[in-house]
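Below is one structure, written out as structure tokens; comments come after it.
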Amino acid sequence: MPGKQPSDSKSARPVRKRKKIDLEQKMKIVKKYEGGQSLSSIARELDLATSTVKSILNDSARIKEHMKGSALLKSTVITKQRSGAIYEMEKLLTMWMEDQIQKRVPLSLMIIQAKAKSIFEDVKGKYSDPNAKFVASHGWFNRFKQRANFHNVKVSSEIASADTKAAEKYPEVLRKLIEEYGYTAQQIFNVDETGLFWKKMPDRANISKEEKMMPGFKASKDRLTLLLGGNAAGDCKLKPLLVYHSENPCAFKGISKATLPVHFRSNQKAWITMALFKDWFINLFIPEVEKFCRENNIPFKIMLIVDNAPGHPANLDDFHPNVKVVFLPPNTTSLLQPMDKGVIANFKAYYLRRTFAQAVEATGRETGKTLRDFWKSYNIYQAIINIARAWAEVTQVCLNAVWKKACPQFVRSFKGFEKDETYEEVADEIVKLAEQLELEVDVGDVDELIESHGAELSNEDLMELEAAKVKEQTEAEDEVEEVEEPRHFNTKEMALAFREIDSAMARFEKMDPNSSRFLKVNRGIDETLACYRQMYEEKKKATIQSSLYKFVRKVERSATSTSPQPSTSKTPSDDSDNIMPFSSFTN
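This is the structure in structure tokens:
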């Protein structure tokens, strides 16, 4: 209209920055909504438009369907499903590359192309054209990087090797930094990730040989990832972070994950992602080290030394003013990383010794149980308990000694301490336990098994891991959800347990010629069980009061129903005057 000024309302409105939302984020939105969170609440939490969240929820069926068959969770578009040998090869290659990235192994174009060709040759026989060719050209690689969201992955033209010169210079750089900020050995920490095939036997063991002959997923390939760490003084061992591929394993039925002796997390590949590491750093590491400082009357001023793995956010140093994060130089992890200089190897040896010792005990009883039976029943919950116990066995001497390369000024001789158990001694014990299990195992087999946890995944490993993921998804779809009864104490079972303990101690007392020793052991057991006895007494008291209350109510109801109807009107309170009050029973 003439004379009407053009509206500038559009320019006045705040413009919401356009965001790319990958499939993993979309699936999280769907899960939040299905978990009961409102549409507007999700939008506010993720800083998204309500209409965007609504569109994602309307498309939830397609998102779920696409997630089932796709390893490429960072894609932002649901594309047409691809299939065939090249598609399967790319899924397995993605898994292999992510594993190499997690292990901080430098990748070159030549190595990736060779691995792609190798995987393709192994999978193409399952498809219609077994004579198909795949050249792994530069053009294919560029397209594959886009599809797999490997935009930020550094791929060199040459194979990288450990930087010995940088590793030689860095301890002096680190020493000056420590002196500048005034850190002590108790305030300097290091953590490192490691994979663990928690159900793996030595290759020469009969179970391992038989498993290789069986089709489908091999239990020995079931892997988890651990984050282990401690301080340079060796007197603060961090609670392990454990990442597994299943969020709610069957072995956890009735068990609260919050009570596990590890920080339990999950994702499809059982890897420590950037988001998981950030969550660990802010919500687990910082509170734990702050508590350690408070309990030991030392200033809350921490230095955390980590390698430059892709899963470690570059901005970690910005999250807390009292925690300084220092990154090791590129390609020096194998030369400088403290946890990688003996702690992790010792921990894995302790874990293997524990599982073998349990197998010997289980098969040695008169139950007719074989090693195969034990290994079949051994589950992830039992593995977690063994992981916690094996980690507890890692000594202060070991945790301190591994800093010799990075911070030699903090390594002490620990005079007066008991001699630290060496890796070789533990390996010898494992061989002796293996002999009791009638396994053909020598020290070389133990070394090979310990090292295999960090070895490169073979094509066979990749195919089995992918098969396991598909199997787990299928079982999850077919599984009927059951209401799980959580574990709980009851007075009857507790009373029985205490009687059995008392009976066992009475047997020890009859056998032990040293009464002072028996009294010391008995006192220790009583002190250990004190928390259970207190719970038992409280529960017994509550049970008696509950039973008494039910009895009184029964008497009250009986008296009310049998009393004759009065000729004169009375209020209900008048009738109750003749009944003994509940308080008189309880008193």
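If you use the numbering used here, the sequence shown corresponds to residues 5 to 591, in order.
The beta carbon of each residue, even a glycine, is placed where N, CA and C say it ideally should be.
So residue i and residue j are supposed to be a Cβ contact under 8 Å. How far apart are they, rounded?
i      : j      : result
Lys30  : Ile67  : 5 Å
Asp446 : Val435 : 6 Å
Lys225 : Phe201 : 7 Å
Arg388 : Val266 : With the sequence shown as reference, residue 388 is identified as Ile, and Arg is not the correct amino acid for it. Right, their Cβ atoms sit about 6 Å apart.
Val406 : Lys345 : 4 Å
Ile599 : Ala353 : Look at the range of the chain in this structure, 5 to 591, and you will see that residue 599 is not part of it.
Ala89  : Ala136 : 6 Å
Asp103 : Asn335 : So it is not a contact: roughly 18 Å between Cβ atoms.
Glu433 : Arg357 : 6 Å
Ala499 : Pro175 : Not quite, the Cβ-Cβ distance comes to about 60 Å (not below 8 Å), so this is no contact.
Val57  : Ala47  : 5 Å
Gln190 : Cys240 : 7 Å
Tyr382 : Lys203 : 6 Å
Thr54  : Ser42  : Their Cβ separation, rounded to whole angstroms, is 10 Å, which puts Thr54 and Ser42 out of contact at 8 Å.
Ala349 : Tyr248 : Actually they do not touch by this definition, with Cβ atoms about 22 Å apart.
From the DSSP output, in three-state form, read off residue i for me.
i      : result
Asn390 : helix
Val430 : helix
Ser161 : Model confidence at Ser161 stands at a pLDDT of 49, short of 50, so the residue's coordinates are unreliable; what they give is reported in the following sentence. Of the three classes helix, strand and coil, the one that applies to Ser161 here is coil, per DSSP.
Leu27  : helix
Asp226 : coil
Met307 : strand
Arg503 : helix
Leu181 : helix
Ile192 : strand
Tyr248 : strand
Gly143 : helix
Leu443 : coil
Gly88  : coil
Leu96  : helix
Gly234 : strand
Asp482 : For Asp482, the predicted model reports a pLDDT of 48, less than 50, meaning its position is unreliable; a value from the coordinates is still stated below. Helix at Asp482.
Gly199 : strand
Arg269 : strand
Lys78  : The predicted model places Lys78 with a pLDDT of 47, which falls under 50 and marks its position as unreliable; any figure quoted below should be read in that light. Lys78: coil per DSSP, three-state reduction.
Ser112 : strand
Lys380 : helix
His457 : coil
Lys241 : strand
Phe138 : coil
Phe296 : helix
Val450 : helix
Lys169 : helix
Val364 : helix
Phe281 : helix
Phe512 : helix
Phe148 : helix
Phe154 : coil
With a Cβ-Cβ cutoff of 8 Å, do residue i and residue j count as a contact?
i      : j      : result
Leu242 : Glu197 : no
Leu375 : Ala392 : no
Ala510 : Asn404 : no
Phe145 : Met101 : no
Asn235 : Phe281 : no
Phe148 : Phe138 : no
Ala199 : His457 : Residue identity check: residue 199 is Gly in the sequence provided, not Ala. Contact: yes.
Leu245 : Arg269 : yes
Ile105 : Pro253 : no
Met343 : Gly315 : no
Glu468 : Met99  : no
Ala262 : Thr229 : no
Phe522 : Asp530 : no
Ala171 : Leu339 : yes
Phe378 : Ala394 : no
Tyr37  : Leu61  : yes
I'd like to confirm something about residue i: is its beta-carbon nearer than 7 Å to some heavy atom of the ligand NAD, or not?
i      : result
Thr374 : Inclusion of the ligand NAD in the displayed structure is not the case, the ligand content being empty and no account of it being possible.
Exercise for review: Give a yes or no on contact between the segment 303-310 and the segment 321-332, applying the rule of three or more CB pairs nearer than 8 Å.
Suggested key: yes
**Study point:** Complete alpha helix (DSSP H) runs within the segment 31-58 (minimum length 4 residues, chain order)
**Key:** 43-50
Exercise for review: May I ask you to verify whether the segment 284-301 touches the segment 403-415, counting CB pairs closer than 8 Å and requiring at least 3?
Suggested key: no
Point to revise | Unbroken stretches of the alpha helix (DSSP H), 4 residues or longer, contained in the segment 515-544 | key: 519-532
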